[in-house]
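Visitor: Position 386 of the sequence shown, counting from 1, maps to 912 under the numbering used here, and the rest follow consecutively.
Each residue gets a CB set at the ideal place from its N, CA and C atoms; glycine is no exception.
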Amino acid sequence: MKHAGKNLIVFAILLLMVTPALFGGGAPERPVTVRDDMVIAMGSDPEHLNPAITTGYPVAAVTANVYSALVWRDNEGTPQPDIARSWDVSEGDTVFTFHLRDNVQWHDGEPFTSADVKFTMDEVLSQYHGRFENIYRRISSIETPNDSTVVITLNEPYAPFLISLTVFDAPILPKHIFEGQNVFDHAATTAPVGTGPYRFVNWDRGNQIVVERNDNYFGDAANISRIIFQMIPDENARTVALQTGEVDYIWGFYLPTAGLSELRADPNIEVWQGVRIPALYFLFVNNDNEPLDNPLVRQAIMHAIDRDLIVDLAIEGLGNTAIGPMGSAFPYLYDEAFDLSSLYPYDLERARALLNEAGVGSFELTIVYDSGRPAFADAVDIMRDGLSNIGVTLNLQPQERSVMIESVYMQRNYDLSMQSFTSGGDPSIGYHRIYITQAFGTPFVSATGYSNEQVDELLAEAAITVDLDRRGELYRQANAILAEDLPLFPLFEEKSVEANNRDLRGLRESLDVRDQLHRARWAD
């Protein structure tokens, strides 16, 4: 009897082992393994790894956990202490005193001090960071009375100042490494030395970037010891890699929307969709190139772009057409009647009439875009079809990201270019930079050549105006001018969507998930 009972137990165990394979439906669940690493898919290499000299997404995606900043933003957008443990604000909201954490070390063992903050803001961010340049104009002084205190005085109150001091807009570099050096050519621009929860290990270009847990981190230690950023240029291969378990996480920036239904049906994968920092997609226009220097031609092209179709096909309906020059996240910027879809509906007859009025016949244009962005490739195909109906031949020129940045922002060697921007918690942080008059040569600022003194004045006043009614009026005046001049084309806004291994936890602990990866963990 003892032997019979033992045999029954063995049989029962075997039956439990084979039953899922015989009777289970859908994709087979992957075996549970103990994990201490995480693989994140990216579409291409970043141009470098210095977040203080670019606002580019891939650079920030890797370095947001290598570097630190004064604050980070939680899911409500509220500033939380990062390398600053606390801060005080003067009664007039113009003096911010930051109290830094004690005994913080750079990854090379050197001490972090207030001098690093002042150096980074005065010498690097103010010159080379597309969003912080705009913030720095509002700063009258940065003082460091001691190693653990930074006092920043503004020219006048600026409501979004605190939320603009995150690692995405104000990452802090090591002064002892970069002082007196060329930040673009320095070795630490590709092998970063930060104070964040992860430290840089190596970069195998075209393959992967590896970071590992910083055991001397001033905050909560990272749960996962090693993160691998895996370069997978082909968008379909990216999706397959997630399904097979080769990668664990794909941010929306690199997630092909065409395969979302398949991913949602996979029991091993979580597809998350929600509200994060809004991303607005634009078609940049080189206003200096003929015939694009004629506003009538730009208006004609806008009428020939089926933006609704782009939303339906390029991003699978996960968004909406842009209502104005600065997106729908800030409704006080617009009158109820103001909507670019009403001003510039898809209308080929109107487009042809505008070209006739401009005295322009058939012509060719070249569109430059990041080859690693799935939505870009689908959108430009739709635009090419629409423009062909009005006698415009659109030549597609997908480029590796660093090449695209050089073409568009450094050389302005393009006719049209697909770009996407976010603005954080205020339009002045991210959107002003693409409309105001300024010299080109900084990545992710104005690259159109557009200059309108009235727009400059309206946006400058709006940035420092606290009263929302007055602020809204200033923006509405600027929007009316921009809608007529059309220096670039606001196309659509995309909702946040991501996909990850279902066993991952703690991925979305901040408004921008990239800066809190040390909170990620594997399910028990």
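Out of curiosity, what's the CA-to-CA distance linking R1034 and A696?
Guide: Taking the sequence shown and counting its residues from 1, one reaches residue 1034 at position 508. Taking the sequence shown and counting its residues from 1, one reaches residue 696 at position 170. Answer to the nearest angstrom: the Cα atoms are 21 Å apart.
Visitor: Out of curiosity, what's the CA-to-CA distance linking N740 and S1022?
Guide: The residue you call residue 740 lines up with position 214 of the sequence shown. The residue you call residue 1022 lines up with position 496 of the sequence shown. Cα to Cα, the separation comes out at about 29 Å.
Visitor: Would you give the residue range spanned by the alpha helix (DSSP H) that H829 belongs to?
Guide: In the sequence shown, the residue the question calls residue 829 occupies position 303. First-last of the alpha helix (DSSP H) with H829: 821-829.
Visitor: From the DSSP output, in three-state form, read off M730 for me.
Guide: Residue mapping note: residue 730 aligns to position 204 of the sequence shown, counting from 1. Correcting the residue type first, residue 730 is Asp in the shown sequence and not Met. Correct three-state label for D730: strand.
Visitor: Can you tell which of T991, G843, F779, E1010 has its C-alpha closest to the C-alpha of D1038?
Guide: To locate residue 1038, count along the sequence shown from 1; it is residue 512. Cα-wise, what sits closest to D1038 is F779.
Visitor: For T892, which beta-bridge partners are listed by DSSP?
Guide: Within the sequence shown, the letter at position 366 stands for residue 892. Answer is N921, bridged to T892.
Visitor: In chain order, what residues of the same chain have a beta carbon less than 6 Å from the beta carbon of D1050, not counting five sequence neighbours either side?
Guide: Within the sequence shown, residue 1050 is the residue found at index 524, counting from 1. Nothing listed; no residue qualifies.
Visitor: What is the rounded straight-line gap between the Cα of L985 and the Cα of I668?
Guide: Counted from its first residue, the sequence shown places residue 985 at position 459. Counted from its first residue, the sequence shown places residue 668 at position 142. Their backbone Cα atoms lie some 25 Å apart in a straight line.
Visitor: If you compare alpha carbons, which of V592, E816, D896, H958 is closest to A714?
Guide: Start at 1 with the first residue of the sequence shown, and residue 714 comes out as number 188. Of the candidates V592, E816, D896, H958, the one whose C-alpha sits nearest the C-alpha of A714 is V592.
Visitor: Taking M936 and G956 to be in contact with their CB atoms under 8 Å, please state how far apart those CB atoms are, rounded to whole angstroms.
Guide: Here residue 936 is taken as the residue at index 410 of the sequence shown, counted from 1. Here residue 956 is taken as the residue at index 430 of the sequence shown, counted from 1. 20 Å between Cβ atoms; not a contact.
Visitor: Is the CB-CB distance between D819 and T892 below 8 Å?
Guide: Walking along the sequence shown from the start, residue 819 turns up at place 293. Walking along the sequence shown from the start, residue 892 turns up at place 366. Result no, Cβ atoms of D819 and T892 do not sit closer than 8 Å.
Visitor: How about F889 and V929: are their beta carbons less than 8 Å apart?
Guide: Translated into the one-based positions of the sequence shown, residue 889 becomes position 363. Translated into the one-based positions of the sequence shown, residue 929 becomes position 403. No; because the gap between Cβ atoms is not below 8 Å, this pair is not in contact.
Visitor: Among A879, I831, D861, whose alpha-carbon lies nearest the alpha-carbon of T847?
Guide: Here residue 847 refers to the residue found at position 321 of the sequence shown. That would be I831, whose Cα lies nearest to the Cα of T847.
Visitor: Mind checking whether the beta-carbon of R731 lies closer than 7 Å to any heavy atom of the ligand SAH?
Guide: The model on display carries no ligand, and the ligand SAH is accordingly not part of it.
Visitor: Roughly how many angstroms lie between the CA atoms of L1030 and V886, to the nearest whole one?
Guide: For the purposes of this step, residue 1030 is taken as residue 504 along the sequence shown, with counting starting at 1. For the purposes of this step, residue 886 is taken as residue 360 along the sequence shown, with counting starting at 1. Distance between the alpha carbons of L1030 and V886: 56 Å.
Visitor: Assign N1026 to one of two classes, buried (16 or more other C-beta atoms within 10 Å of its C-beta) or exposed (fewer than that).
Guide: In the sequence shown, residue 1026 corresponds to position 500, counting from 1. It counts as buried.
Visitor: Going by DSSP, what residue range makes up the beta strand (DSSP E) through V943?
Guide: Translated into positions along the sequence shown, residue 943 becomes position 417. Note that residue 943 corresponds to Ser in the displayed sequence, not to Val. 942-948 is the extent of the beta strand (DSSP E) around S943.
Visitor: On the CB-based measure, 16 or more other CB atoms within 10 Å of its CB, does R997 come out buried or exposed?
Guide: Position 471 of the sequence shown, counting from 1, holds the residue named residue 997. Per the 10 Å Cβ criterion, buried.
Visitor: Restricting to Cα atoms, I'd like to know which of F902, S652, E1010 is closest to E761.
Guide: The residue given as residue 761 occupies position 235 in the sequence shown. Closest option to E761, Cα to Cα, is F902.
Visitor: What is the rounded straight-line gap between the Cα of A586 and the Cα of E875?
Guide: Looking up residue 586 in the sequence shown gives position 60. Looking up residue 875 in the sequence shown gives position 349. Using only the alpha carbons, I get a separation of about 43 Å.
Visitor: What is the residue span of the beta strand (DSSP E) that L626 lies within?
Guide: To locate residue 626, count along the sequence shown from 1; it is residue 100. From DSSP, the beta strand (DSSP E) with L626 extends over 621-626.
Visitor: Of the choices G706, D642, Y662, whose alpha-carbon is the least far from that of T675?
Guide: Residue numbering aside, residue 675 sits at position 149 when the sequence shown is read from its first letter. For T675, the nearest C-alpha among the options comes from D642.
Visitor: I need the straight-line Cα distance from A840 to E1020, nearest angstrom please.
Guide: Counting from 1 along the sequence shown, the entry for residue 840 is found at position 314. Counting from 1 along the sequence shown, the entry for residue 1020 is found at position 494. So the alpha carbons of these two residues sit roughly 10 Å apart.
Visitor: Using CA atoms only, rank isn't needed, just tell me which of F810, Y583, V677, R599 is closest to L1017.
Guide: Within the sequence shown, residue 1017 is the residue found at index 491, counting from 1. Comparing Cα-Cα distances from L1017 to each of F810, Y583, V677, R599, the minimum goes to F810.
Visitor: Would you call G898 buried or exposed, if buried means 16 or more other Cβ atoms sit within 10 Å of its Cβ?
Guide: Counting from 1 along the sequence shown, the entry for residue 898 is found at position 372. That one is buried.
Visitor: In the DSSP assignment, the beta strand (DSSP E) including S667 goes from what residue to what residue?
Guide: Numbered from its first residue, the sequence shown carries residue 667 at position 141. Per DSSP, S667 belongs to the beta strand (DSSP E) from 665-672.
Visitor: Quick one, which of A747, M909, W798, D995 has its alpha-carbon nearest P857's?
Guide: In the sequence shown, residue 857 corresponds to position 331, counting from 1. That would be D995, whose Cα lies nearest to the Cα of P857.
Visitor: Kindly list the residues whose CB is nearer than 7 Å to the CB of N812, restricted to its own chain and excluding five residues on each side of it in sequence; keep chain order.
Guide: Position 286 of the sequence shown, counting from 1, holds the residue named residue 812. Closer than 7 Å at Cβ, skipping near neighbours: L818, R938, Y940, D941, T974, G975.
Visitor: Are there 16 or more other CB atoms within 10 angstroms of the CB of L922, so buried, or fewer, so exposed?
Guide: Here residue 922 refers to the residue found at position 396 of the sequence shown. It counts as exposed.
Visitor: Across which residues does DSSP place A1025 in a beta bridge pair?
Guide: Here residue 1025 refers to the residue found at position 499 when the sequence shown is read from its first residue. In DSSP, A1025 forms a bridge with I776, V797.
Visitor: Under 8 Å by Cβ, that's how I've got R878 and I908 pegged, so tell me the actual separation to the nearest angstrom.
Guide: Here residue 878 is taken as the residue at index 352 of the sequence shown, counted from 1. Here residue 908 is taken as the residue at index 382 of the sequence shown, counted from 1. Actually they do not touch by this definition, with Cβ atoms about 19 Å apart.
Visitor: Please check the pair D982 and I1007, which I expect to be a contact at CB under 8 Å, by giving their CB distance rounded to whole angstroms.
Guide: Residue 982 sits at position 456 when you count from the first residue of the sequence shown. Residue 1007 sits at position 481 when you count from the first residue of the sequence shown. Rounded, the Cβ-Cβ distance is 11 Å, inconsistent with contact.
Visitor: How many Å lie between P700 and A590 at the Cα?
Guide: Locating residue 700 in the sequence shown gives position 174, where the first residue counts as 1. Locating residue 590 in the sequence shown gives position 64, where the first residue counts as 1. Looking at the two C-alpha atoms, the distance is approximately 15 Å.
Visitor: Between the alpha carbons of F947 and E659, how many angstroms are there, rounded?
Guide: Numbered from 1 along the sequence shown, position 421 holds the residue referred to as residue 947. Numbered from 1 along the sequence shown, position 133 holds the residue referred to as residue 659. Looking at the two C-alpha atoms, the distance is approximately 16 Å.
Visitor: With DSSP as the reference, label F645 as helix, strand or coil.
Guide: Residue 645 sits at position 119 when you count from the first residue of the sequence shown. Residue state, collapsed to three classes: helix.
Visitor: Using a Cβ-Cβ cutoff of less than 7 Å, which residues in the same chain neighbour N815 once the five nearest sequence positions on both sides are dropped?
Guide: The residue labelled residue 815 in the question sits at position 289 within the sequence shown. Here the set comprises D941.
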